[in-house]
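Have a look at the structure below before the remarks.
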Amino acid sequence: MSLNSPIEWTDATWNPVRGCAKISPGCKHCYAERFAERFRGVKGHPYEQGFDLRLVPEKLTEPFSWRSPKLVFVNSMSDLFQEGVPDSYVEAVSRVMATANWHTYQVLTKRSQRLRDLLGGKLQFAAEQENIWWGVSVEDRKYGLPRVEHLRQSPAKVRFLSIEPMLEDLGEIDLAGIAWVIVGGESGPGARPMKREWVISIRNQCQMQNVPFFFKQWGGVRKIRNGRLLGRRTYDEYPKIAAAPVPERADCMRHAADFLESFEIGAQPALVQLTA
Ligand code: SF4
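Quick note, the sequence shown lines up with residues 89 to 364 if you use our numbering.
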């Protein structure tokens, strides 16, 4: 895990999968790809293999080691539901989230059909957990809006939308069953612009439909300078946090040991070192 994430809407990141493949216009300037490819070929670096897909089972038990509750962005450097990540591995990640339930997990994907199908099947136990928020990326109408429908068709207890990078006006969106909306503009070299009226339209729809709204950033090449004010204020709303109390140290260890015992993927995750 990485503590103190610079991503505005989370506390920490957890990457039991690394690497991904682009599937829609929102991926064009993928930050994760840019970061990972800088280290391709650097011996011993976590991204020695660049942005190629890689399972990282030694990271699986990390959430058990954190005894202070966190908002955890799962796979900030990847997409858990991409082809190539076996169902059994997605299930192992979900079992960790369901067991280390003193954290709140934010799982975001562009592979919304697989998310829907797995949550309705072997991941039903995780879909029902209030401490796991399941979200889809919505960058435009053509690719993004169908993902909202797939998410709504899933039995997820908490559903959210990440409208970032926002590439066009999305018009009227049905927010029934959606618990949270994040909006952000693209940042970095070649960033595509986001218009103010597009953002205001989403904010107003969230307010009308009582959905918490989080405005992440305007983005652009000078992200810091452009800031995250909308009007004269920031919008930092979240859904209700429903994580469980932190267990005693011995119970954290026992949960981790039980998970390790049930682990059947081949490579072994690392033993857990508890932190305060
Ligand atoms: S799905 Fe996400 S992580 Fe994968 S290439 Fe697209 S933007 Fe990058």
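Note that beta-carbon positions come from the ideal geometry of N, C-alpha and C, so glycine has one too.
* **Assigned secondary structure, D346 (DSSP; H/G/I helix, E/B strand, else coil)** => Here the question's residue 346 lines up with position 258 in the sequence shown. Three-state result, D346: helix.
* Asked: Can you find at least 3 beta carbon pairs, one from the stretch 99 to 117 and one from the stretch 267 to 285, that sit closer than 8 Å?
  -> Contact between the stretch 99 to 117 and the stretch 267 to 285 is established, with three or more Cβ pairs separated by less than 8 Å.
* Between the CA atoms of L159 and E179 - distance to the nearest angstrom -> Translated into positions along the sequence shown, residue 179 becomes position 91. Translated into positions along the sequence shown, residue 159 becomes position 71. The alpha-carbon of E179 is positioned some 20 Å away from that of L159.
* Asked: Buried or exposed: which applies to L252, given that a residue is buried once 16 or more other Cβ atoms fall within 10 Å of its Cβ?
  -> The residue given as residue 252 occupies position 164 in the sequence shown. The residue asked about is misnamed: residue 252 is Glu in this sequence, not Leu. The residue is buried, with at least 16 neighbouring Cβ atoms inside 10 Å.
* Please report the Cβ distance between L239 and L203, rounded to the nearest whole angstrom; I am assuming they are in contact, meaning their Cβ atoms lie under 8 Å. => For the purposes of this step, residue 239 is taken as the residue at position 151 of the sequence shown. For the purposes of this step, residue 203 is taken as the residue at position 115 of the sequence shown. Separation of the CB atoms of L239 and L203 is rounded to 7 Å, and the pair is thereby assigned contact status at 8 Å.
* Over what stretch of residues does the alpha helix (DSSP H) that includes K304 continue unbroken? -> On the sequence shown, position 216 is the one that residue 304 refers to. K304 -> not in any alpha helix (DSSP H); beta strand (DSSP E) instead, spanning 301 to 305.
* Is C108 near ligand 1, judged by its Cβ being under 7 Å from some heavy atom? -> Numbered from its first residue, the sequence shown carries residue 108 at position 20. Checking every heavy atom of ligand 1 against the Cβ of C108, one is found closer than 7 Å.
* Asked: Helix, strand or coil: how does DSSP classify S166 here?
  -> Reading the sequence shown from its first residue, position 78 is the one you call residue 166. In the structure shown, S166 sits in a strand (DSSP, three-state: E or B).
* Based on the DSSP secondary-structure assignment, which residues constitute the bridge partners of L143? -> Position 55 of the sequence shown, counting from 1, holds the residue named residue 143. L143 is bridged to V105.
* Kindly indicate the opening and closing residues of the beta strand (DSSP E) around R247. => Locating residue 247 in the sequence shown gives position 159, where the first residue counts as 1. Its beta strand (DSSP E) spans residues 246 to 251.
* Asked: What residues in its chain sit with their C-beta under 6 Å from that of E366, if we drop five residues either side in the sequence?
  -> Beyond the ends of the chain as shown, which are 89 and 364, falls residue 366; an answer cannot be given.
* Asked: So, helix, strand or coil for I288, using DSSP?
  -> The residue labelled residue 288 in the question sits at position 200 within the sequence shown. Under the three-state reduction of DSSP output, I288 falls in the helix class.
* May I ask you to list the residues that DSSP assigns as paired with Y193? => Mapped onto the sequence shown, residue 193 falls at position 105. Within the DSSP secondary-structure output, Y193 pairs in a beta bridge with V160, I220.
* Asked: Sorry if obvious, but does the Cβ on E69 come closer than 7 Å to a heavy atom of ligand 1?
  -> Nothing about residue 69 can be read from this structure; the chain reaches only from 89 to 364.
* Going by alpha carbons, who is nearest to K328 out of G315, E96, F248? -> By 1-based counting over the sequence shown, the position of residue 328 is 240. Minimum Cα distance to K328 is reached at F248.
* S166: beta carbon under 7 Å from a heavy atom of ligand 2? -> In the structure shown, ligand 2 is absent; the only ligands present are ligand 1.
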